[in-house]
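Residues 4 to 297, numbered by the working numbering, are exactly what the sequence shown covers, in order.
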Amino acid sequence: MKRFMSPRMMLVISMTVFGTLGLFVRNISVSSGELALYRAILAALLIAVFLSVTKQKIPFGEIKREVPLLLLSGVAMGFNWILLFEAYKYTTVSAATLSYYFAPIIVTASCPVLFKEKMSAKQWICFFMSTLGIVLITGPGELAEKSNHLLGIAFGLGAACLYVTVILLNKFIKKVEGIHRTFLQFIAAILVLIPYVGLTGKITLSGLDTKGWICLLIVGLIHTGVTYCLYFSSLRELPGQKAAILSYIDPLVAVLVSVVILGEGMSVTQAVGGALILGFTLWNEITPPNKVKA
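Put into C-alpha coordinates, the structure is as follows:
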(Lines of atoms letter the chains of each structure in order from A and count residues from 1; the text may use other names and numbers.)
(Lines give C-alpha, C1' and ligand atoms only; values in the text may rest on other atoms or scores of the structure.)
Protein backbone atom coordinates (compact mmCIF):
# COMPACT_ATOMS: atom_id res chain seq x y z
CA MET A 1 0.00 0.00 0.00
CA LYS A 2 2.91 2.33 0.58
CA ARG A 3 3.29 2.47 -3.22
CA PHE A 4 0.08 4.52 -3.36
CA MET A 5 0.45 6.75 -0.30
CA SER A 6 3.00 7.54 2.40
CA PRO A 7 2.90 5.70 5.76
CA ARG A 8 2.19 9.03 7.47
CA MET A 9 -0.87 9.66 5.28
CA MET A 10 -2.08 6.09 5.84
CA LEU A 11 -2.01 6.60 9.60
CA VAL A 12 -3.66 10.04 9.42
CA ILE A 13 -6.50 8.64 7.29
CA SER A 14 -6.95 5.54 9.46
CA MET A 15 -7.04 7.56 12.70
CA THR A 16 -9.54 10.04 11.26
CA VAL A 17 -11.84 7.24 10.09
CA PHE A 18 -11.53 5.41 13.44
CA GLY A 19 -12.65 8.61 15.16
CA THR A 20 -16.00 8.52 13.34
CA LEU A 21 -16.79 4.90 14.30
CA GLY A 22 -19.23 5.77 17.09
CA LEU A 23 -21.34 7.90 14.75
CA PHE A 24 -22.08 4.89 12.53
CA VAL A 25 -22.36 2.29 15.30
CA ARG A 26 -25.14 4.35 16.90
CA ASN A 27 -27.28 3.70 13.80
CA ILE A 28 -26.89 -0.11 13.72
CA SER A 29 -29.60 -1.75 15.85
CA VAL A 30 -28.04 -5.15 16.49
CA SER A 31 -26.29 -6.56 19.56
CA SER A 32 -22.63 -5.75 20.15
CA GLY A 33 -21.66 -9.38 19.57
CA GLU A 34 -23.49 -9.48 16.25
CA LEU A 35 -21.98 -6.19 15.13
CA ALA A 36 -18.47 -7.39 15.97
CA LEU A 37 -19.10 -10.61 13.99
CA TYR A 38 -20.48 -8.82 10.91
CA ARG A 39 -17.65 -6.31 11.10
CA ALA A 40 -15.07 -9.11 11.01
CA ILE A 41 -16.86 -11.03 8.22
CA LEU A 42 -17.23 -8.01 5.93
CA ALA A 43 -13.63 -6.93 6.49
CA ALA A 44 -12.25 -10.46 5.96
CA LEU A 45 -14.23 -10.83 2.71
CA LEU A 46 -12.92 -7.50 1.42
CA ILE A 47 -9.31 -8.42 2.19
CA ALA A 48 -9.76 -11.92 0.72
CA VAL A 49 -10.96 -10.38 -2.56
CA PHE A 50 -8.01 -7.98 -2.56
CA LEU A 51 -5.49 -10.78 -1.92
CA SER A 52 -7.09 -12.86 -4.66
CA VAL A 53 -7.11 -10.04 -7.23
CA THR A 54 -3.51 -9.08 -6.45
CA LYS A 55 -2.51 -12.79 -6.36
CA GLN A 56 -0.93 -12.50 -2.94
CA LYS A 57 -0.47 -15.67 -0.95
CA ILE A 58 0.01 -15.85 2.79
CA PRO A 59 3.44 -17.46 3.39
CA PHE A 60 2.33 -19.90 6.08
CA GLY A 61 5.64 -21.76 5.87
CA GLU A 62 7.54 -18.66 6.94
CA ILE A 63 5.12 -17.44 9.60
CA LYS A 64 3.85 -20.72 11.07
CA ARG A 65 5.50 -20.05 14.44
CA GLU A 66 3.64 -16.75 14.73
CA VAL A 67 0.21 -18.00 13.63
CA PRO A 68 -0.89 -18.96 17.21
CA LEU A 69 -0.09 -15.41 18.37
CA LEU A 70 -2.00 -13.98 15.41
CA LEU A 71 -5.05 -16.10 16.21
CA LEU A 72 -4.93 -15.19 19.90
CA SER A 73 -4.65 -11.49 19.08
CA GLY A 74 -7.62 -11.86 16.73
CA VAL A 75 -9.73 -13.34 19.53
CA ALA A 76 -8.78 -10.43 21.80
CA MET A 77 -9.61 -7.99 18.99
CA GLY A 78 -13.10 -9.47 18.52
CA PHE A 79 -14.04 -9.16 22.20
CA ASN A 80 -12.38 -5.74 22.32
CA TRP A 81 -14.92 -4.60 19.69
CA ILE A 82 -17.82 -6.04 21.68
CA LEU A 83 -16.88 -4.09 24.82
CA LEU A 84 -16.27 -0.87 22.86
CA PHE A 85 -19.69 -1.14 21.17
CA GLU A 86 -21.26 -1.71 24.59
CA ALA A 87 -19.51 1.43 25.86
CA TYR A 88 -21.10 3.45 23.04
CA LYS A 89 -24.53 2.21 24.15
CA TYR A 90 -24.20 3.27 27.79
CA THR A 91 -22.31 6.55 27.60
CA THR A 92 -21.33 9.24 25.13
CA VAL A 93 -18.99 8.54 22.24
CA SER A 94 -16.45 10.97 23.70
CA ALA A 95 -16.46 9.36 27.18
CA ALA A 96 -16.26 5.85 25.71
CA THR A 97 -13.37 6.79 23.41
CA LEU A 98 -11.42 8.67 26.09
CA SER A 99 -11.71 5.76 28.53
CA TYR A 100 -10.61 3.45 25.70
CA TYR A 101 -7.54 5.63 25.18
CA PHE A 102 -6.37 4.75 28.68
CA ALA A 103 -4.84 1.71 26.93
CA PRO A 104 -1.30 3.17 26.49
CA ILE A 105 -1.10 3.85 30.22
CA ILE A 106 -2.19 0.26 30.94
CA VAL A 107 0.61 -0.92 28.65
CA THR A 108 3.11 1.18 30.61
CA ALA A 109 1.85 -0.13 33.94
CA SER A 110 1.90 -3.77 32.78
CA CYS A 111 5.45 -3.73 31.40
CA PRO A 112 7.15 -3.94 34.85
CA VAL A 113 5.14 -7.09 35.55
CA LEU A 114 5.40 -8.74 32.12
CA PHE A 115 8.84 -7.60 30.96
CA LYS A 116 10.58 -6.74 34.26
CA GLU A 117 10.95 -3.14 33.13
CA LYS A 118 11.24 -0.38 35.71
CA MET A 119 8.88 2.59 35.53
CA SER A 120 10.54 6.00 35.48
CA ALA A 121 9.34 8.99 37.49
CA LYS A 122 7.82 10.40 34.29
CA GLN A 123 5.86 7.19 33.69
CA TRP A 124 4.53 7.18 37.27
CA ILE A 125 3.39 10.79 36.86
CA CYS A 126 1.64 9.93 33.56
CA PHE A 127 -0.02 6.92 35.15
CA PHE A 128 -1.43 8.84 38.11
CA MET A 129 -2.50 11.90 36.12
CA SER A 130 -4.22 9.79 33.45
CA THR A 131 -5.97 7.83 36.20
CA LEU A 132 -7.13 11.15 37.64
CA GLY A 133 -8.48 11.93 34.16
CA ILE A 134 -10.60 8.76 34.25
CA VAL A 135 -11.94 9.76 37.68
CA LEU A 136 -12.89 13.22 36.38
CA ILE A 137 -14.65 11.75 33.32
CA THR A 138 -16.87 9.63 35.56
CA GLY A 139 -18.23 12.78 37.25
CA PRO A 140 -19.45 15.17 38.39
CA GLY A 141 -21.97 16.70 35.99
CA GLU A 142 -25.23 15.78 34.27
CA LEU A 143 -23.58 12.89 32.47
CA ALA A 144 -22.36 11.35 35.72
CA GLU A 145 -25.91 11.41 37.16
CA LYS A 146 -26.98 8.80 34.63
CA SER A 147 -26.51 5.35 36.14
CA ASN A 148 -25.49 3.85 32.80
CA HIS A 149 -22.60 6.30 32.37
CA LEU A 150 -20.31 4.47 34.82
CA LEU A 151 -21.15 1.16 33.16
CA GLY A 152 -20.18 2.66 29.79
CA ILE A 153 -16.85 3.84 31.23
CA ALA A 154 -16.27 0.33 32.63
CA PHE A 155 -16.91 -1.20 29.21
CA GLY A 156 -14.50 1.33 27.66
CA LEU A 157 -11.77 0.42 30.15
CA GLY A 158 -12.44 -3.28 29.53
CA ALA A 159 -12.04 -2.69 25.80
CA ALA A 160 -8.80 -0.84 26.55
CA CYS A 161 -7.46 -3.86 28.46
CA LEU A 162 -8.22 -6.16 25.53
CA TYR A 163 -6.63 -3.70 23.11
CA VAL A 164 -3.53 -3.78 25.33
CA THR A 165 -3.53 -7.56 24.87
CA VAL A 166 -3.57 -7.06 21.09
CA ILE A 167 -0.70 -4.55 21.32
CA LEU A 168 1.46 -6.79 23.52
CA LEU A 169 0.86 -9.88 21.36
CA ASN A 170 1.73 -7.92 18.21
CA LYS A 171 5.09 -7.01 19.76
CA PHE A 172 6.08 -10.66 19.26
CA ILE A 173 4.81 -10.86 15.67
CA LYS A 174 7.72 -9.83 13.47
CA LYS A 175 7.46 -11.63 10.12
CA VAL A 176 3.87 -11.03 9.04
CA GLU A 177 2.97 -8.16 6.69
CA GLY A 178 0.24 -5.72 7.68
CA ILE A 179 -2.51 -6.98 5.37
CA HIS A 180 -1.78 -10.68 6.05
CA ARG A 181 -1.70 -9.99 9.79
CA THR A 182 -5.02 -8.18 9.64
CA PHE A 183 -6.69 -10.91 7.58
CA LEU A 184 -5.65 -13.72 9.93
CA GLN A 185 -6.72 -11.73 12.98
CA PHE A 186 -10.16 -11.18 11.44
CA ILE A 187 -10.47 -14.90 10.67
CA ALA A 188 -9.68 -15.70 14.31
CA ALA A 189 -12.24 -13.15 15.46
CA ILE A 190 -14.89 -14.74 13.23
CA LEU A 191 -14.15 -18.24 14.56
CA VAL A 192 -14.67 -17.19 18.17
CA LEU A 193 -17.55 -14.74 17.58
CA ILE A 194 -19.78 -17.21 15.72
CA PRO A 195 -20.28 -19.50 18.76
CA TYR A 196 -20.41 -16.46 21.06
CA VAL A 197 -23.30 -14.92 19.12
CA GLY A 198 -25.01 -18.31 18.88
CA LEU A 199 -24.87 -18.78 22.65
CA THR A 200 -25.73 -15.24 23.74
CA GLY A 201 -28.44 -14.17 21.31
CA LYS A 202 -29.98 -14.52 17.90
CA ILE A 203 -29.49 -13.06 14.43
CA THR A 204 -31.42 -9.78 14.15
CA LEU A 205 -30.26 -8.46 10.78
CA SER A 206 -33.82 -8.52 9.47
CA GLY A 207 -34.63 -5.65 11.81
CA LEU A 208 -32.16 -3.27 10.16
CA ASP A 209 -33.54 -0.41 8.09
CA THR A 210 -31.79 1.05 5.01
CA LYS A 211 -29.76 3.47 7.15
CA GLY A 212 -28.68 0.62 9.41
CA TRP A 213 -27.52 -1.52 6.47
CA ILE A 214 -25.53 1.36 4.98
CA CYS A 215 -23.85 2.06 8.33
CA LEU A 216 -23.09 -1.65 8.81
CA LEU A 217 -21.42 -1.86 5.40
CA ILE A 218 -19.39 1.27 6.12
CA VAL A 219 -18.24 -0.06 9.52
CA GLY A 220 -17.33 -3.47 8.10
CA LEU A 221 -15.74 -2.47 4.81
CA ILE A 222 -14.31 0.99 5.48
CA HIS A 223 -13.73 1.29 9.24
CA THR A 224 -12.43 -2.26 9.47
CA GLY A 225 -11.30 -3.80 6.17
CA VAL A 226 -9.66 -0.77 4.57
CA THR A 227 -8.69 1.18 7.68
CA TYR A 228 -7.09 -1.67 9.62
CA CYS A 229 -4.91 -2.49 6.60
CA LEU A 230 -3.82 1.15 6.41
CA TYR A 231 -3.22 1.22 10.15
CA PHE A 232 -1.09 -1.91 10.48
CA SER A 233 0.80 -1.17 7.25
CA SER A 234 1.70 2.33 8.47
CA LEU A 235 2.91 1.06 11.87
CA ARG A 236 5.51 -1.11 10.13
CA GLU A 237 7.04 1.95 8.45
CA LEU A 238 6.72 4.83 10.93
CA PRO A 239 8.92 5.49 13.99
CA GLY A 240 7.09 4.74 17.22
CA GLN A 241 7.05 8.34 18.44
CA LYS A 242 5.55 9.72 15.23
CA ALA A 243 2.92 6.96 15.21
CA ALA A 244 2.06 7.72 18.84
CA ILE A 245 1.51 11.42 18.11
CA LEU A 246 -0.62 10.82 15.01
CA SER A 247 -2.75 8.21 16.80
CA TYR A 248 -4.28 10.99 18.91
CA ILE A 249 -6.22 12.15 15.87
CA ASP A 250 -8.69 9.33 16.66
CA PRO A 251 -9.93 10.52 20.10
CA LEU A 252 -9.90 14.17 19.04
CA VAL A 253 -12.14 13.39 16.04
CA ALA A 254 -14.34 11.21 18.27
CA VAL A 255 -14.84 14.05 20.75
CA LEU A 256 -15.73 16.47 17.93
CA VAL A 257 -18.21 13.96 16.49
CA SER A 258 -19.75 13.41 19.93
CA VAL A 259 -20.14 17.08 20.84
CA VAL A 260 -20.71 18.76 17.46
CA ILE A 261 -22.59 16.16 15.39
CA LEU A 262 -24.32 13.97 18.00
CA GLY A 263 -24.90 16.86 20.41
CA GLU A 264 -23.77 14.84 23.44
CA GLY A 265 -22.98 16.79 26.58
CA MET A 266 -19.59 17.12 28.25
CA SER A 267 -19.04 19.09 31.44
CA VAL A 268 -15.97 21.24 32.05
CA THR A 269 -14.73 18.71 34.62
CA GLN A 270 -15.06 15.87 32.14
CA ALA A 271 -13.32 17.93 29.45
CA VAL A 272 -10.42 18.46 31.87
CA GLY A 273 -10.37 14.71 32.54
CA GLY A 274 -10.19 13.99 28.81
CA ALA A 275 -7.36 16.50 28.42
CA LEU A 276 -5.43 14.82 31.25
CA ILE A 277 -5.79 11.38 29.65
CA LEU A 278 -4.75 12.50 26.18
CA GLY A 279 -2.06 14.89 27.35
CA PHE A 280 -0.28 12.58 29.77
CA THR A 281 -0.59 9.44 27.64
CA LEU A 282 0.92 11.41 24.77
CA TRP A 283 3.72 12.74 27.00
CA ASN A 284 4.33 9.18 28.20
CA GLU A 285 4.89 7.99 24.63
CA ILE A 286 7.15 10.86 23.56
CA THR A 287 10.83 10.31 24.24
CA PRO A 288 12.94 13.49 24.25
CA PRO A 289 15.78 13.51 21.70
CA ASN A 290 19.21 12.71 23.05
CA LYS A 291 21.25 15.76 23.82
CA VAL A 292 24.16 16.26 21.49
CA LYS A 293 27.44 16.05 23.37
CA ALA A 294 29.85 18.88 22.87
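Glycine is no exception: its CB is placed at the ideal position from the N, C-alpha and C atoms.
Could you spell out where the alpha helix (DSSP H) holding residue i opens and where it closes?
i	result
Q126	124-140
E89	70-93
V56	35-56
G298	The structure shown does not extend to residue 298, since the chain spans only 4 to 297, so no value can be given for it.
E65	63-66
I206	Run containing I206: none; DSSP gives neither H nor E here.
I31	It is not in any alpha helix (DSSP H) - I31 carries neither H nor E in the DSSP assignment.
Who are the Cβ neighbours of residue i in its own chain at under 6 Å, not counting the five residues just before and after it?
i	result
G136	G276, L279, I280
L241	P10
Y300	Any answer about residue 300 is impossible in this case: the structure gives the chain only from 4 up to 297.
T100	P254, A257
A106	A163, Y166, V167
Could you tell me the distance, in whole angstroms, from the CA atom of residue i to the CA atom of residue j?
i	j	result
L196	L40	6 Å
F82	T57	31 Å
I50	R184	11 Å
L249	C164	21 Å
I176	S35	28 Å
I140	G161	16 Å
Y12	D253	Going by the sequence as given, residue 12 is Met instead of Tyr. So the alpha carbons of these two residues sit roughly 14 Å apart.
G155	T95	8 Å
S97	S261	6 Å
K60	M80	23 Å
T111	L14	22 Å
P299	A191	Residue 299 is absent from the model: the chain starts at 4 and stops at 297.
G77	K125	32 Å
V200	M122	40 Å
S55	Q273	47 Å
Sorted by chain position, which residues of the same chain lie with C-beta nearer than 7 Å to residue i's C-beta, five sequence neighbours on each side aside?
i	result
V210	It should be noted that the sequence gives Gly, not Val, for residue 210. Around G210: S32.
I108	C129, F130, S133, T284, N287
I16	L233
P115	K121, M122
Residue i by DSSP, collapsed to three states: which one?
i	result
D212	coil
E267	coil
F105	coil
E145	With a pLDDT of 49 at E145, under the threshold of 50, the modelled position of this residue cannot be trusted; read the value that follows with caution. Three-state DSSP puts E145 in a helix.
M333	With the chain covering only 4 through 297, there is no way to say anything about residue 333.
Y251	coil
I176	coil
L219	helix
Q59	coil
I182	helix
M18	helix
Under the assumption that residue i contacts residue j (Cβ atoms under 8 Å), give the Cβ distance between them as a whole number of angstroms.
i	j	result
I206	I44	The pair is not a contact, with the Cβ atoms about 12 Å apart (cut-off 8 Å).
L224	A46	7 Å
L26	I182	Going by Cβ atoms, the distance from L26 to I182 rounds to 26 Å, so no, they are not a contact pair.
S102	G159	3 Å
V222	V28	7 Å
E65	G204	With a Cβ gap of about 39 Å, E65 and G204 do not count as contacting.
Who are the near neighbours of residue i in its chain, counting only those whose CB is closer than 8 Å to its CB and skipping five residues on each side?
i	result
S113	V167, L171
K214	N30
The ligand SAH and residue i: does the residue's C-beta get closer than 8 Å to at least one heavy atom of that ligand?
i	result
L72	The ligand SAH is not part of this structure, which contains no ligands at all.
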